[in-house]
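Residue numbers (UniProt numbering): 1 to 108.
Step one of this worksheet: look at the structure below.
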């Protein structure tokens, strides 16, 4: 692959990425009300994505072998508690991740 070919490829990828980022703003400007379906998806999809990530993260946890999913359960409970009291997603995720890693490395 020549330098020109690489430059063209990188430019096209960058332009496509930029276009995809700005496409929703072009289609639904602030002066125009988005369709009801788009509004509904905007409310439902974030929770669905989080639920999907939780299921994916817990799919290989075995409750019949040691440590029986206890570190995962403790970390999930910590995430829920921190999020309920602080309402800060980044803090919740960081707390749960740090607690889980400490439990796995030091306790279990």
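Where a beta carbon is used, it is the ideal one built from N, C-alpha and C, also for glycine.
None of the values given here were measured: they were computed from a predicted structure.
Buried or exposed by the 16-neighbour rule on C-beta atoms within 10 Å, applied to residue i
i	result
residue 75	buried
residue 27	exposed
residue 18	exposed
residue 79	buried
Cutoff 8 Å; reference residue i; Cβ partners in own chain excluding five residues on either side
i	result
residue 82	88, 91, 92, 95 and 96
residue 104	71
Beta-carbon proximity check, residue i vs residue j, cutoff 9 Å
i	j	result
residue 34	residue 42	yes
residue 1	residue 11	no
Expected contact under 8 Å - CB spacing of residue i and residue j to nearest Å
i	j	result
residue 108	residue 46	About 31 Å separates the two Cβ atoms, so there is no contact after all.
Close Cβ partners of residue i (< 7 Å) along its chain, the five nearest in sequence each way excluded
i	result
residue 63	69
Spatial neighbours of residue i in its chain, beta-carbon cut-off 6 Å, leaving aside the 5 residues before and after
i	result
residue 99	75 and 78
With a floor of 3 residues, list each beta strand (DSSP E) that falls wholly inside the stretch 6 to 49, ordered by position along the chain. none
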